[in-house]
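A.B. asks: Submitted below is the structure of interest, expressed as structure tokens.
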Amino acid sequence: MLIQIDKFNSRFSDSGWCAYDSMSMDLIKKCNVEFEKNGLESAERILIDYYKTDVKEITHWIKNSSKEFSDRYNLLQAFFKNHFDEMYYSSVPLGLIIIDGAVNDFTKSKGFFAEGTNVDAWDCLVGCSDGLEKLKKTFNKNRKKTNFEIIKMPHRNGILHGRDLNYANEYVSCKVLSLMFAVADWMKMKNSEEQRKEEYNKSMNTPPIRESIKHIKYNKEIQDEIEAWEKRIVCVGKDVPICGNVEEYIEYPYVVVIINMINAWRDGNYGKLSKYLKRMFSVSLSEERRAGECREFFENKKLISFEFIEVEERACALSKVVIKVRWKENEKVKESELVFGCVYQGNKEKSEVAVPWRDNGEWIIMPWNIQGLYSL
């Protein structure tokens, strides 16, 4: 993996791209293979196509990555709309403004492009490599003369100060969007830096021999139980109702948590809904602030109906659930399929593996694809 990332950065950073922690490894590998076969121009086309189409499904992640980006939600919506509608004269400067402002709030002193802004972070891809720092310097070069030529790099000074006049193209806008993901990753990893250091140091402390033996025995038991687990084929409409009450899904606890989430949405219980959809909001928010953001997002979305489309058990502690929901928003009836991952997780303070049949954890909802909720 590290070899692929290093290759990617060495090949594409001069052109305005850098790898970041949440970036698809398949995308990185695909670009490297294409670079080796057909060169930079062909490989860069893969990145352009990705940031014009596929990435649309995960743009909500930027808003949820930190309070600073969440505060700019309305601007983000306008940026994404302009970008995907190919209105690059608008998307490019707006994207640069969002990035600069978010970093300024995050550092409490300087914007992303300011001299002296440190973009490192402990044990993370985007902060440990020099990729993000290199982009910062490249995009922040002085542009002292008015330029009429087409540019393919988002030169911040030239664009915002009106010296680069021909910036409105897919290359520049896609690189701004890619930079936004990289900056969001950096801010998220910087926020969790101390916690990750603490967890690392804790993992390096050798436990007493008795505890080690006990832990090995427990893990062996769990491993045997996991190997004995058998996947159930769940047929919607036969094994589980297309639409029903909690009592009708008791044999499928991971479905129950989805029903509970739906009920909280229908009842307007935003405190409870924000707990079920915790991963939909910024990790840095307090419970009270998260509930407030949840209310702001959902209170104008009045649930009309829901139905299960697909239920798939992928592993003993992982299931995929697809539901179709209809809701009323601003006098319009909207409909979308939402894809969730249901993951069984244990207590982080305990080192034991959590499995459903031992009842030593809880089912957590992971929003895999909920882009339909963000439709304008």
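The numbering of the sequence shown is the numbering used here, which starts it at 2 and goes up by one.
Backbone N, C-alpha and C define an ideal beta-carbon position, used for all residues, glycine too.
The structure displayed is predicted, hence computed values, not measured ones.
Give me whichever residues DSSP pairs with residue 337 in a beta bridge.
C.D. replies: The sequence position of residue 337 within the sequence shown is 336, counting from 1. Residue 337 pairs with 326.
A.B. asks: From residue 165 to residue 90, what does the alpha carbon distance come to, in whole angstroms?
C.D. replies: As a working note, residue 165 is residue 164 in the sequence shown. As a working note, residue 90 is residue 89 in the sequence shown. Rounded to the nearest angstrom, the two C-alpha atoms are 12 Å apart.
A.B. asks: Quick one: grab the DSSP three-state call for residue 164.
C.D. replies: Translated into the one-based positions of the sequence shown, residue 164 becomes position 163. Of the three classes helix, strand and coil, the one that applies to residue 164 here is coil, per DSSP.
A.B. asks: Once the 5 residues before and after residue 150 are set aside, which same chain residues still bring their CB inside 8 Å of it?
C.D. replies: For the purposes of this step, residue 150 is identified with residue 149 of the sequence shown, where counting begins at 1. The answer, listed in chain order, is 167.
A.B. asks: With residue 282 as the anchor, note down where its beta strand (DSSP E) starts and where it stops.
C.D. replies: Position 281 of the sequence shown, counting from 1, holds the residue named residue 282. Counting along the chain, residue 282 falls outside any beta strand (DSSP E), and DSSP gives it neither H nor E.
A.B. asks: Here's the rule: buried if 16 or more other CB atoms are within 10 angstroms of the residue's CB, otherwise exposed. What is residue 15?
C.D. replies: Taking the first residue of the sequence shown as position 1, residue 15 is located at position 14. When all chains shown are included, residue 15 counts as exposed.
A.B. asks: Could you give the residue range of the beta strand (DSSP E) that holds residue 239?
C.D. replies: In the sequence shown, the residue the question calls residue 239 occupies position 238. Neither: residue 239 is in no beta strand (DSSP E) and is coded neither H nor E.
A.B. asks: Out of 228, 100, 237 and 51, state which residue places its alpha-carbon closest to the alpha-carbon of residue 184.
C.D. replies: As a working mapping, residue 184 is identified with position 183 in the sequence shown. Minimum Cα distance to residue 184 is reached at 100.
A.B. asks: Please determine, among 13, 315 and 170, the residue with the shortest C-alpha to C-alpha distance to residue 231.
C.D. replies: Taking the sequence shown and counting its residues from 1, the one referred to as residue 231 is at position 230. For residue 231, the nearest C-alpha among the options comes from 315.
A.B. asks: What is the rounded straight-line gap between the Cα of residue 254 and the Cα of residue 364?
C.D. replies: Along the sequence shown, read from residue 1 onward, the residue named residue 254 stands at position 253. Along the sequence shown, read from residue 1 onward, the residue named residue 364 stands at position 363. Cα-Cα distance, rounded: 8 Å.
A.B. asks: Do the segment 77-86 and the segment 294-314 meet, that is, are 3 or more Cβ pairs less than 8 Å apart?
C.D. replies: no
A.B. asks: Going straight from the alpha carbon of residue 29 to that of residue 72, what length do you get?
C.D. replies: Position 28 of the sequence shown holds residue 29. Position 71 of the sequence shown holds residue 72. When the Cα atoms are used, residue 29 and residue 72 turn out to be separated by approximately 30 Å.
A.B. asks: If we ignore side chains and look at the alpha-carbon of each, how far apart do residue 24 and residue 179 end up?
C.D. replies: Your numbering for residue 24 matches position 23 in the sequence shown. Your numbering for residue 179 matches position 178 in the sequence shown. Distance between the alpha carbons of residue 24 and residue 179: 9 Å.
A.B. asks: Looking at the structure shown, is residue 368 part of a helix, part of a strand, or coil, going by DSSP?
C.D. replies: In the sequence shown, the residue the question calls residue 368 occupies position 367. If DSSP states are grouped into helix, strand and coil, residue 368 belongs with the strands.
A.B. asks: DSSP on residue 45, reduced to helix/strand/coil?
C.D. replies: If you number the sequence shown from 1, residue 45 lands on position 44. Here residue 45 sits in helix by DSSP.
A.B. asks: Below 8 Å on the Cβ atoms is my guess for residue 57 versus residue 175; work out the distance and round it to an integer in Å.
C.D. replies: On the sequence shown, residue 57 is found 56 positions in, with the first residue counted as 1. On the sequence shown, residue 175 is found 174 positions in, with the first residue counted as 1. So it is not a contact: roughly 12 Å between Cβ atoms.
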